[in-house]
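*Asks:* Residue numbers for the sequence shown follow our numbering, so the first one is 150 and each next one is one higher.
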Amino acid sequence: MSIPLVENKLSFSVVPPVSLHVRDLSIIASKTGSTLVNSVSFDLSNGSIMAVMGGSGSGKTTLLNVLASKISGGLSTKGTIDYVLEPVQDKELTQEHTTMSYVPQQDILLSRLTCRETLMFAADLKLDKPNEEKTMIVNQLIDELGLKECADTLVGDSSHRGLSGGEKRRLSIGTQMIANPSIMFLDEPTTGLDANSAFLLIKTIKKLAKEGGRIFIMSIHQPRSDILFLFDKICVLSKGNVVYCDKLQQMIPYFESLGYKMPELINPADHIVDLSSIDGRSTESEKITRERLYNLLDQWRDYEMKHIQYTKLNNLSNRIEVSEMTTALPFWKQVFVLTRRNLKLNTTDYITLSATIIEPIIMGTIVGWIFYKPDGSTDSGLRTLTACLYACIMLQSYLYLLFDTYRLCEQDIAIFDRERAEGSVSPFAFITARKISLLFTDDFYMTLAFTTITYFMFGLEPNAVKFFTQFSVMFLIQLACSGLAMLSVAISRDFSKASLVGNMTFTVLSMGCGFFVNAKKMPVYVRWTKYIAFSWYGFGALLSNTFTDNYCSSISDKTTCLGNQLLETFGFEKNWKTVPIVIIFCFAVGYFVASMVVLYFNKVDITLQNEIKSKKKKEKDKQYCPEDIYKNIDAPLTHTSKTSDKDIESNSEKNYQIEITLEDIHLSVNYLRLANFLNLKEGIIHYTQRKILNSINAVFKPGMINAIMGPSGSGKSTLLNLISGRVKSSLFTKFTSNGAIYFNGYKVSQDMFKNICSYVSQDDDHLLAKLTVKETFDYAAKLRLHNLTPLQRELKVNDLIRLLGLKHCENTIIGNEFVKGISGGEKRRVTMGIQLLNDPPILLLDEPTSGLDSFTSATILQILENLCTEYKRTVILTIHQPRSELFTKFGNVLLLAKGGQIAFNGSPQEMIQYFSNLGYHCPPLTNIADYFLDLISFNTQNKENEYVSKQCVERILDNWKKITNQKNTQIQTNSHDEKQSEIIYENFKFEYQNCIKKQCSPLLAYYVNVSRQITTIGRNFDSLMARIAQVPGLGAIFALYFAPIKHNYTSISNRLGLAQESTSLYFVGMLANLACYPGERDYFYKEFEDNVYGIGPFFLSYMTLELPLTFISSVLYSVFTVLACGLPRTAGNFFATVYCSFIVIACGEALGIMTNTLFERPGFVVNCISVILSIGCQLSGIMSLTMSRVLKGFSYLNPVHYTSMVIINLAFPNTLNLTCNDGGKKEDGTCEFATGKDVLESYGLVINVPKYLGIAICVGIIYRLLAYFVIKAKLEWLKW
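#1: According to DSSP, is H815 part of a helix, a strand, or is it coil?
#2: May I ask which residues mark the beginning and end of the alpha helix (DSSP H) holding I950?
#3: Is the closest heavy atom of the ligand HEM to the C-beta of C710 under 7 Å?
#4: Whose C-alpha, out of K388, L262, A578, H246, is nearest the C-alpha of S472?
#5: Is the region 871-890 close to the region 956-965, with three or more CB pairs under 8 Å?
#6: Of all the options V233, S573, A1422, which has the alpha carbon lying nearest to the alpha carbon of P479?
#7: Using the three-state DSSP reduction, which class does H1350 fall into: helix, strand or coil?
#8: Let me make sure I understand the geometry here. Which of L1415, D913, H170, T1027 has the alpha-carbon closest to that of S972?
#9: Give me the Cβ distance between L262 and K493, rounded to the nearest whole Å; I'm assuming they're in contact under 8 Å.
#10: Where in the region 819-903 do unbroken runs of the beta strand (DSSP E), each at least 3 residues long, occur, reported from the N-terminal end onward?
#11: Determine the extent of the alpha helix (DSSP H) in which Y1198 is found, giving its start and end residues.
#12: Is the beta carbon of C906 sitting closer than 8 Å to the one on I991?
#13: Look at the alpha carbon of R1168 and the alpha carbon of I962, and state the distance between them as a whole number of angstroms.
#14: Measure the alpha-carbon distance for V1388 versus T618 and round it to whole angstroms.
#15: Taking I1003 as part of the alpha helix (DSSP H), name the residues at either end of that continuous run.
#16: Count the other CB atoms, across all protein chains shown, that sit within 10 Å of the CB of L827; report buried if there are 16 or more and exposed otherwise.
#17: Assign A570 to one of two classes, buried (16 or more other C-beta atoms within 10 Å of its C-beta) or exposed (fewer than that).
#18: Check whether the Cβ atoms of L1359 and N1282 sit closer than 8 Å, and answer yes or no.
#19: Cα separation between Y1155 and L1254?
#20: Can you grab the Cα-Cα spacing for the pair Q1030 / K278, in whole Å?
#21: Could I get the ranges of all uninterrupted alpha helix (DSSP H) runs contained in the region 1321-1400, with 4 residues as the minimum, in chain order?
#22: Output needed for S793: all residues of its chain with C-beta closer than 8 Å, excluding positions within five of it in sequence on either side, in chain order.
#23: Out of curiosity, what's the CA-to-CA distance linking Y1226 and S1172?
#24: Run through DSSP, which three-state label would F665 get?
#25: Check whether the region 1077-1087 touches the region 341-350, taking contact to mean three or more Cβ pairs, one atom from each stretch, closer than 8 Å.
#26: Are there three or more Cβ pairs, one per stretch, closer than 8 Å when the region 1176-1195 is compared with the region 1213-1221?
#27: Going by DSSP, what residues sit across from N1054 in a beta bridge?
#28: Assuming L185 is part of the beta strand (DSSP E), what are its boundary residues?
#29: How long is the line joining the alpha carbons of R441 and R942, rounded to whole angstroms?
#30: So, using beta-carbon positions, are F378 and I198 closer together than 8 Å?
#31: Here's the rule I'm using: 16 or more other beta-carbon atoms within 10 Å means buried, otherwise exposed. How should D1377 be labelled?
#32: For the beta strand (DSSP E) containing A200, name the first residue and the last one.
#33: At 4 residues or longer, what runs of the alpha helix (DSSP H) sit wholly inside the region 210-280?
#34: Determine, using beta carbons only, whether V186 and S368 come nearer to each other than 8 Å.
#35: Which residues bound the beta strand (DSSP E) around T1023?
#36: At the level of alpha carbons, what is the spacing between T998 and L986?
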């Protein structure tokens, strides 16, 4: 760099030096037996940096994972890995403990903390030092990593904007670096960083290695030349084999000795990765490059045997295990730090905190209204009073169980798994801190609010002792449910599985409590379950607290107390309170202890997952075989397939050439922020404004690649999003833009621009994880190339897969964070390929080379260059670190600085001349693009560097403003009428009719979506079980408790209980939706944005798969509840139960669709739906028999009301004769309830069954229509 920099001093302690010795390390996939990494050997002394390079899928990440002992059960290893403590020299040791850190590819950060808070909490967890020293180190790291300007910015997530991708990457590195490790692994640390940030980062790492004797091992894709020469050792991998693994100084001479001379002005790292990569774009190029690779592998094997002498490890007494290199603090310090962090997170998550505050008030009020002051002197009043006590025990605690399970799965457990893998947090500390931080807001407040409201609305005795007894029981019940949620998530991190565990357990608790099935009369084989159900103890304690010596006809004669008789009926003793409270407390503690034990043994490796392959027959790759190769074959470095490129794009009827002009584009964002609950002095609501783009004037020409370059945070991605109509305001964020876009001099709107452009986003998370690469392309081609024949589509897909270098993994599953599939670079190419299927005159690409190796990046840019030169397309891309030889091929460059200001716009040659005129001459052997990016980047490592760099940037910006002002004046003087007025849509449609994106036919979209969803759900066992297993599982549990239902007095409450339990199917429908819908929704949103098809086909295809599975589960449920339990075994009753179950589950799904569409924050969604469903279940008409007329009116909007009343009427047919030997006799010896009709009439439950069946299906249809219109409103009307 031409700008002199001042080096910072970092105040890290001197660490124990460690050396690493690896011998013949091979990594094998246990399932397939294939070798992922083959025979790696090296020695790495302390104070060294080693870079692992190679193409995507070459085994870089796998090697790092194994070296850091982060391997899953799916891998086995051969060879040895030895870490050896070295004697301390020169410097006095100030840190005795040896630690290791690992930076994974994925940034797992807490979105509601600022950059500074994240680092401070990391320091508190990993450093046992005084606060002043930790604060100093954090501030130094913020400066060193270039995070000064965003130090107090929230990390953010997809819903709430915060740090940029590059800033998050540097923050992730900082959280590991702060532990002051002796050895540190970094997986793709420079991915997403601009060239200057990447250089400064590696420079910092070099300084730490040199001064502190630390070891750094990193995988890296495209190191710029000055970064490359900072490394001490290089390991080049290709297809898992070692191409070179030795000192950097020997690398260039080694390859030149093989006849591969390093070209001038070419980055040696790029050249060597090119040499060792297989070009799969044509059969000929694949054969040549494969043979060249085999030759390189043979040459390295010979060289290693003859010239490399590895250190002999005779004395291993100083050997240290990876398990010993952790950063764990004492238990109470961990708890203290985690509790502080949790409190900070809880008070800044305004939505969840608001829901936590409001939910018990709303639920308490509604439940209190439903069960408002029943008359304890009547049978229906006593039953209602008993039901309201059951609701107190089960309702609020079940809602909390669902909410806490999702909150854990959403983020808490992922952070714990990461910190557990680092060794900085123990399961005991995590559970203890989490419970302490939530004790007041969740357990104490929610229980107190709910109890206070319901206790007095139920009309219970105004006695302080009884009130606080009820509060204590409910507090401990919620505590136990919190423990159950933790245990469910400890068993499985996947919400669909965790909710299945929690739901099934809670069903047993519900059945075992004794309300629906009398605990005294339960079948003997399940009667014991009441003793392991904390709900039985809670229900008994509340009954005893409420009914002991209560509701008496004579105050002096306790035998006349209806309360005591009711206690005897349920099998509970009078004043039975102390024992159950103690037992519930023991249950709560027991759940947390069990969770801790499961977490201790069920370790989740977040960096490496198992791999699933497609069932399709995979084409066998040719294996490396020394005897089958040709010796000394040299092939051109830039060998490409020129003939195949033409097959990417089908020729359009008209060859559109569109020059895009941006005129005075401005963009600002207004944030609405709620104040922290701990700091309300300055008001509750704050507005902040930030300017993102500032007066952007640029021209993007057809027939050439137009590149937008700039440091992180300069607005590159935002500019693409803005012109393509993808910047959307929300409730808390409002974007304001102005300026104009011109096509060939005609002004167009953003909607017009969007209609003819294809957009490749940075994010690849929307891809369906269970589809293979080939299937993803096939389905996309059917939808986007519907005008072509199947054979033409197949040829085009195959050509595109080969040209993108995806042939080797075309039958591999895409994968996600739970299931390993293709690599990140391969996902990037799949996303790009889907957009390349179309024939767009304008193609926008946001960081297309991010996460790709240099060879693949060059291949991608070559394909794009061909699109421009052959078909005169307008290609605009953002790029961080272009290779020097590729930079000169760009037709046009827009250079942006921080704050969205233009530093230059023109051709690369003009750019070189422009900066030369300013006195900035690129030094020899330096990447020109890197040099220019360095010039316009702020260096905030210290005040001196910041001042110098800002002066430089401001000078460049001021000079460009002068030039543009002169140009604008000239244009206004000479050609005032050059730009035309805005083109009207009809003319635009006529002019560009062949390239406007048209939706495929609804029938085709429906067919493809159904086919794709069948393939996806067929491979997704969890989603399938969420839809099929939970409903029959509930039926089986009901059958265990209710079967056989007899014809006596006790059977009345059992039949009522079974009908009420059917309302839980409402929740099952919602849970199935949560497990399946969000992934399909996200993929549909992307296709809808691309105008591939409309809402109707997606909605119908989702229903096509969902409804049959719901029907099957409903049939199985009815088999258990009707045939096994012994409700009237008639065809009418059986099919009516199937019908009602189907409608309830389908309505639960519909509510799930509505809320998951409106809100994308899962925790909030679960809270909302659970409240709605719980209210619906209480309004069924069975729990409360004394509801007010207003609530009865509301119940007619509720599908559960209709289905429950149908089921209860069919459970008590007129032909049912009941005995009363076990109770219910009148004084004259006759039965109070002699027939089913008597029961229905006594409780006021008689209805017109056919009428209710007809209304139920109408309500189900209305719910579906509402779900459809909610999606339509979001995407088409409101455009959120």
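Think of the CB as a built atom: it goes at the ideal place given N, C-alpha and C, for glycine as much as any other residue.
It should be emphasised that the depicted structure is a prediction, and the values quoted were computed from it without experimental measurement.
*Replies:* Taking the definition as stated:
#1: Numbered from 1 along the sequence shown, position 666 holds the residue referred to as residue 815. In this structure, H815 counts as strand in the three-state DSSP scheme.
#2: Position 801 of the sequence shown, counting from 1, holds the residue named residue 950. From DSSP, the alpha helix (DSSP H) with I950 extends over 939-952.
#3: With respect to the ligand HEM, the structure offers nothing, as it holds no ligand at all.
#4: Residue mapping note: residue 472 aligns to position 323 of the sequence shown, counting from 1. Here the closest residue by C-alpha is H246.
#5: No contact exists between the region 871-890 and the region 956-965.
#6: Within the sequence shown, numbered from 1, the residue matching residue 479 stands at position 330. Of the residues V233, S573, A1422, the one whose Cα lies closest to the Cα of P479 is S573.
#7: Your numbering for residue 1350 matches position 1201 in the sequence shown. Under the three-state reduction of DSSP, H1350 is assigned to helix.
#8: If you number the sequence shown from 1, residue 972 lands on position 823. With distances taken between Cα atoms, S972 lies closest to D913.
#9: Residue mapping note: residue 262 aligns to position 113 of the sequence shown, counting from 1. Residue mapping note: residue 493 aligns to position 344 of the sequence shown, counting from 1. Going by Cβ atoms, the distance from L262 to K493 rounds to 7 Å, so yes, they are a contact pair.
#10: Whole beta strand (DSSP E) segments, 3+ residues: 834-849, 853-858, 882-892, 895-897.
#11: Your numbering for residue 1198 matches position 1049 in the sequence shown. Per DSSP, Y1198 belongs to no alpha helix (DSSP H) and is neither H nor E.
#12: Indexing the sequence shown from 1 puts residue 906 at position 757. Indexing the sequence shown from 1 puts residue 991 at position 842. Yes. Within cutoff.
#13: Residue 1168 sits at position 1019 when you count from the first residue of the sequence shown. Residue 962 sits at position 813 when you count from the first residue of the sequence shown. One C-alpha to the other measures close to 10 Å.
#14: Locating residue 1388 in the sequence shown gives position 1239, where the first residue counts as 1. Locating residue 618 in the sequence shown gives position 469, where the first residue counts as 1. Going by the C-alpha atoms only, they are around 34 Å apart.
#15: For this step, residue 1003 is matched to residue 854 along the sequence shown. As written in the sequence, residue 1003 is Ser, which differs from the Ile given in the question. Where S1003 is concerned, the enclosing alpha helix (DSSP H) stretches over 1003-1020.
#16: Here residue 827 is taken as the residue at index 678 of the sequence shown, counted from 1. With a pLDDT of 49 at L827, under the threshold of 50, the modelled position of this residue cannot be trusted, and the question is left open.
#17: Here residue 570 refers to the residue found at position 421 of the sequence shown. So A570 counts as buried.
#18: Here residue 1359 corresponds to residue number 1210 of the sequence shown, with the count starting at 1. Here residue 1282 corresponds to residue number 1133 of the sequence shown, with the count starting at 1. Yes. Within cutoff.
#19: Within the sequence shown, residue 1155 is the residue found at index 1006, counting from 1. Within the sequence shown, residue 1254 is the residue found at index 1105, counting from 1. The straight-line gap from Cα to Cα measures roughly 11 Å.
#20: Counting from 1 along the sequence shown, the entry for residue 1030 is found at position 881. Counting from 1 along the sequence shown, the entry for residue 278 is found at position 129. So the alpha carbons of these two residues sit roughly 39 Å apart.
#21: 1338-1344, 1348-1360, 1385-1392
#22: For this step, residue 793 is matched to residue 644 along the sequence shown. Model confidence at S793 stands at a pLDDT of 42, short of 50, so the residue's coordinates are unreliable and nothing is read from them.
#23: Against the sequence shown, residue 1226 aligns to sequence position 1077. Against the sequence shown, residue 1172 aligns to sequence position 1023. Between Y1226 and S1172, the C-alpha separation is close to 10 Å.
#24: The residue given as residue 665 occupies position 516 in the sequence shown. Here F665 sits in coil by DSSP.
#25: yes
#26: yes
#27: Taking the first residue of the sequence shown as 1, we reach residue 1054 at position 905. Paired residue(s): L1043.
#28: On the sequence shown, residue 185 is found 36 positions in, with the first residue counted as 1. That run of the beta strand (DSSP E) goes 184-193.
#29: Position 292 of the sequence shown, counted from the start, is the residue given in the question as residue 441. Position 793 of the sequence shown, counted from the start, is the residue given in the question as residue 942. So the alpha carbons of these two residues sit roughly 33 Å apart.
#30: Within the sequence shown, numbered from 1, the residue matching residue 378 stands at position 229. Within the sequence shown, numbered from 1, the residue matching residue 198 stands at position 49. Against a cut-off of 8 Å, the Cβ pair of I198 and F378 comes out as no contact.
#31: Taking the first residue of the sequence shown as position 1, residue 1377 is located at position 1228. So D1377 ends up on the exposed side.
#32: Taking the sequence shown and counting its residues from 1, one reaches residue 200 at position 51. Its beta strand (DSSP E) spans residues 198-203.
#33: Fully contained in the region 210-280 are the following alpha helix (DSSP H) runs of length 4 or more, in chain order: 264-275.
#34: For the purposes of this step, residue 186 is identified with residue 37 of the sequence shown, where counting begins at 1. For the purposes of this step, residue 368 is identified with residue 219 of the sequence shown, where counting begins at 1. Not in contact: V186 and S368 (Cβ atoms no closer than 8 Å).
#35: Numbered from 1 along the sequence shown, position 874 holds the residue referred to as residue 1023. First-last of the beta strand (DSSP E) with T1023: 1023-1027.
#36: Within the sequence shown, the letter at position 849 stands for residue 998. Within the sequence shown, the letter at position 837 stands for residue 986. T998 and L986 have their C-alpha atoms spaced approximately 18 Å apart.
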